[in-house]
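Residue numbers (my numbering), protein chains in the order written: chain X, 54 to 202; chain G, 54 to 202; chain Z, 54 to 202; chain S, 54 to 202.
A quick write-up on the structure given underneath.
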């Protein structure tokens with residue numbers, strides 16, 4: 054649950070607009086479901102295209118949906134004219150991902166004018182049971198951005 | 054340049070076989086170009102589907118091709134019956150990725166029977182000039198694996 | 054709050070014994086205050102010897118007390134004959150550390166027979182107010198250990 | 054070997070001055086031996102005070118000397134009035150540290166006005182043989198700093 058104040062009250066519609074340019078997210082089929090100030094959640098149905106050779110969800114899928122949700126969580130707190138890019142992401146893979154749906158939650162831990170510290174979790178749902186499969190942290194760098202004005 | 058001895062001399066053909074199950078890699082369009090004992094390289098042409106809202110290569114693309122090349126670099130040193138899965142990956146994004154082709158090189162830094170330490174680099178080629186855009190490290194966990202027997 | 058079951062019921066006294074060999078911890082003056090199955094807490098009074106050139110707590114101090122508490126949190130769940138060593142630690146420094154006391158809490162996120170995933174937090178107390186200054190994650194490798202038998 | 058240009062030609066003497074405030078470094082007994090633009094090396098004799106319960110160098114010692122050398126490598130490229138603090142450090146422990154001397158080398162990978170990306174290596178010398186025991190990466194945040202003017 055987010056406890057942060059957005060500086061731009063239109064943060065939700067601004068994020069919705071940015072999603073149209075998230076081409077790689079669309080290639081995967083991932084959707085953003087909830088946008089709060091400092092916390093963004095998304096999910097998708099797992100399909101064969103998301104897997105690696107052992108039949109589990111690809112580590113790149115997990116890293117990508119973490120990057121997206123943590124990035125937009127940081128972006129939700131930006132004032133007009135500022136965007137964010139990932140400086141560092143670190144992902145721990147706790148369990149192999151095997152299931153029907155995959156959910157990612159990105160949260161701001163500490164906002165800032167130059168960098169934003171975020172954390173993220175990825176869950177798999179299988180037969181109605183949700184399981185944590187990855188935990189992550191990312192440092193997001195704040196940038197000047199014309200398209201975010 | 055790799056300085057490691059493979060334990061399974063068929064490592065290259067074994068990796069080529071595993072690639073057929075790398076569904077997410079195929080969705081992206083990434084190809085493995087060079088397989089050495091302890092070092093694996095791949096590349097792809099950058100297209101709109103790989104980008105994010107600022108027009109740069111998506112951080113998830115970069116993380117994915119690092120995960121693939123570092124994972125197969127570790128796998129190239131495994132004996133028969135052993136595979137690897139990523140335990141932790143950490144990626145530093147040095148520059149925004151803007152160009153024609155993207156290249157990833159994954160290298161083993163220290164092999165082991167339980168875990169393998171690897172490092173990786175991602176380069177962008179634009180108008181014939183190659184530039185380093187990301188540096189990464191990953192800890193790969195060794196697993197028992199029937200399909201690798 | 055820990056939700057794990059210890060495999061060796063003497064885990065607390067076993068950890069107390071191991072502390073005598075933690076020479077670098079004693080050089081710093083850090084004390085372990087609470088030992089639960091899967092969660093270990095420690096603290097110390099901040100003194101000049103713990104600082105860097107800007108007058109803040111040294112990043113190495115923060116990393117060390119995270120390594121100690123996360124390592125012993127993992128160790129608390131080990132059966133007889135097994136120990137742990139750090140494979141990877143990643144620390145995010147959220148705020149400069151300036152205060153009277155420093156507290157570290159290490160927690161197991163996911164136990165395992167080959168590796169244990171842990172997380173950690175460091176707090177500073179200043180004039181009775183506690184503030185989170187660092188968040189960390191570590192992968193601990195399980196080792197065979199004679200002294201832990 | 055460094056390939057960067059310092060913005061303040063007095064970077065070496067400025068770093069030598071800053072070392073007096075590195076209280077925790079002095080507690081450990083670590084010395085900076087070589088200061089280049091973008092690369093800083095240091096070392097110390099290993100003593101019992103640096104060890105953990107298995108008789109190996111403490112992970113906190115390794116993390117601390119990486120933090121110091123990577124931090125000063127970044128600082129060596131700062132103009133007057135700017136300093137650096139660690140935002141994130143990630144350390145991979147490749148081998149247990151057992152030997153006579155320990156050496157850390159911190160290098161800038163990519164300088165910048167807001168953040169500096171660095172990498173580091175730690176070596177142990179035992180009976181005249183040098184061995185790599187840890188590899189690290191750190192993101193350093195650039196700060197305004199009165200004492201660096």
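Just so you know, even glycine gets a beta-carbon here, dropped at the ideal spot from N, CA and C.
Query raised in the report: Which residues in the same chain as residue 162 of chain S place their Cβ atom closer than 7 angstroms to its Cβ, once the five residues preceding and following it in sequence are excluded?
Result: Around residue 162 of chain S: 170, 171, 172.
Query raised in the report: Taking the Cβ atom as the reference point for each residue, do residue 99 of chain G and residue 145 of chain G lie within a distance shorter than 8 angstroms?
Result: For residue 99 of chain G and residue 145 of chain G, no; Cβs fall outside 8 angstroms.
Query raised in the report: chain Z beta carbons: is any one of them nearer than 8 angstroms to that of residue 123 of chain G?
Result: By this cut-off, residue 123 of chain G is not an interface position.
**Report entry** residue 68 of chain S, DSSP secondary structure in three states
**Finding:** DSSP places residue 68 of chain S within a helical segment (H, G or I) once states are collapsed to three.
Query raised in the report: Between the stretch 134-167 of chain Z and chain S, which residues of the former have CB atoms less than 8 angstroms from a CB of the latter, in chain order?
Result: Listed by position, the residues of the stretch 134-167 of chain Z near chain S (Cβ gap below 8 angstroms) are 136, 138, 139, 140, 141, 142, 143, 144, 145, 146, 149.
Report task. List the residues of chain Z whose Cβ lies closer than 7 angstroms to the Cβ of residue 192 of chain G, in chain order. Result -> One finds 140, 141, 192 in chain Z with Cβ atoms closer than 7 angstroms to the Cβ of residue 192 of chain G, taken in chain order.
Report task. Look at the alpha carbon of residue 176 of chain G and the alpha carbon of residue 125 of chain S, and state the distance between them as a whole number of angstroms. Result -> Roughly 27 angstroms between the two C-alpha positions.
**Report entry** Beta-bridge pairing of residue 177 of chain X - partner residues as DSSP gives them
**Finding:** Partner(s): X/155, X/184.
Query raised in the report: Can the beta-carbon of residue 61 of chain X be found less than 8 angstroms from the beta-carbon of residue 123 of chain X?
Result: In this structure, residue 123 of chain X does not lie closer than 8 angstroms to residue 61 of chain X by Cβ.
Query raised in the report: Secondary structure at residue 97 of chain S, three-state DSSP: helix, strand or coil?
Result: Correct three-state label for residue 97 of chain S: strand.
Query raised in the report: Does any CB atom of chain S fall closer than 8 angstroms to the CB of residue 57 of chain G?
Result: Interface flag for residue 57 of chain G against chain S is unset, since no Cβ pair is found closer than 8 angstroms.
Query raised in the report: Among residues of its own chain, excluding the 5 on either side of residue 83 of chain S, which ones have a beta-carbon nearer than 7 angstroms to its beta-carbon?
Result: Annotation for residue 83 of chain S: 95, 97, 118, 121 place their beta carbon closer than 7 angstroms to its own, counting only its chain and skipping 5 residues before and after.
**Report entry** C-beta contact flag for residue 59 of chain G and residue 90 of chain G at 8 angstroms
**Finding:** The answer is yes: Cβ separation under 8 angstroms.
Query raised in the report: Does the count of Cβ pairs from the stretch 133-144 of chain Z and the stretch 182-201 of chain Z closer than 8 angstroms reach three?
Result: Yes, they touch.
Query - Start-to-end residues for the beta strand (DSSP E) that takes in residue 140 of chain G - result: First-last of the beta strand (DSSP E) with residue 140 of chain G: 135-146.
**Report entry** Distance between residue 110 of chain S and residue 80 of chain S (C-alpha atoms, nearest Å)
**Finding:** Cα to Cα, the separation comes out at about 15 angstroms.
Query raised in the report: Going by Cα to Cα distance, which pick from Z/150, Z/198, Z/129, Z/133 is closest to residue 164 of chain Z?
Result: With distances taken between CA atoms, residue 164 of chain Z lies nearest to Z/129 out of Z/150, Z/198, Z/129, Z/133.
Query - Proximity to residue 159 of chain Z [Cα-Cα], best of Z/101, Z/148, Z/115 - result: That would be Z/115, whose Cα lies nearest to the Cα of residue 159 of chain Z.
Query - Run of the alpha helix (DSSP H) containing residue 86 of chain X, from where it starts to where it stops - result: Not the alpha helix (DSSP H): residue 86 of chain X falls in the beta strand (DSSP E), residues 84-89.
**Report entry** For residue 121 of chain G, the three-state DSSP class (helix, strand or coil)
**Finding:** Helix.
Requested in this report: Report back the beta-carbon spacing between residue 101 of chain S and residue 105 of chain Z to the nearest angstrom; my notes put them in contact at under 8 angstroms.
Outcome: At roughly 25 angstroms, the Cβ-Cβ gap does not stay under 8 angstroms, so residue 101 of chain S and residue 105 of chain Z are not in contact.
Query raised in the report: Between which two residues does the alpha helix (DSSP H) carrying residue 77 of chain Z extend?
Result: Segment 76-81, the alpha helix (DSSP H) holding residue 77 of chain Z.
Query raised in the report: Do residue 147 of chain G and residue 186 of chain G have their C-beta atoms closer together than 8 angstroms?
Result: Taking the C-beta atoms as reference points, residue 186 of chain G is found nearer than 8 angstroms to residue 147 of chain G.
Query raised in the report: Are there 16 or more other CB atoms within 10 angstroms of the CB of residue 93 of chain Z, so buried, or fewer, so exposed?
Result: Its Cβ being crowded by 16 or more others within 10 Å, residue 93 of chain Z is buried.
**Report entry** Residue from G/199, G/157, G/184, G/135 whose Cα sits closest to the Cα of residue 149 of chain G
**Finding:** When only C-alpha atoms are compared, the closest one is G/184.
Query raised in the report: Mind pulling the chain Z residues with CB within less than 8 angstroms of residue 170 of chain X?
Result: Ordered by position in chain Z, the residues that pass the 8 angstroms Cβ test against residue 170 of chain X are 145, 147, 188.
Query raised in the report: Between residue 71 of chain X and residue 108 of chain G, what straight-line distance do the alpha-carbon atoms span, to the nearest angstrom?
Result: Whole-angstrom Cα-Cα distance: 11 angstroms.
Requested in this report: Buried or exposed for residue 88 of chain X, please, with buried defined as at least 16 other CB atoms from any protein chain shown within 10 angstroms of its CB.
Outcome: Per the 10 Å Cβ criterion, buried.
**Report entry** DSSP three-state assignment for residue 171 of chain G, whether helix, strand or coil
**Finding:** Of the three classes helix, strand and coil, the one that applies to residue 171 of chain G here is strand, per DSSP.
Query raised in the report: Would residue 134 of chain Z be called buried (16 or more neighbouring beta carbons within 10 Å of its own) or exposed?
Result: Residue 134 of chain Z comes out exposed.
Query - Status (buried if at least 16 other CB within 10 Å, exposed otherwise) for residue 113 of chain S - result: Under this definition residue 113 of chain S is a buried residue.
Query raised in the report: DSSP beta-bridge partners for residue 92 of chain S?
Result: DSSP, once it has assigned bridges, lists S/89, S/160 as partnering residue 92 of chain S.
Query raised in the report: Does residue 77 of chain S come within less than 8 angstroms of chain Z when only Cβ atoms are used?
Result: Flagged as an interface residue toward chain Z: residue 77 of chain S, by a C-beta distance shorter than 8 angstroms.
Query - Paired residues, beta bridge with residue 126 of chain Z - DSSP - result: Residue 126 of chain Z is not bridged to any residue.
Query raised in the report: For residue 196 of chain X, which beta-bridge partners are listed by DSSP?
Result: Answer is X/136, bridged to residue 196 of chain X.
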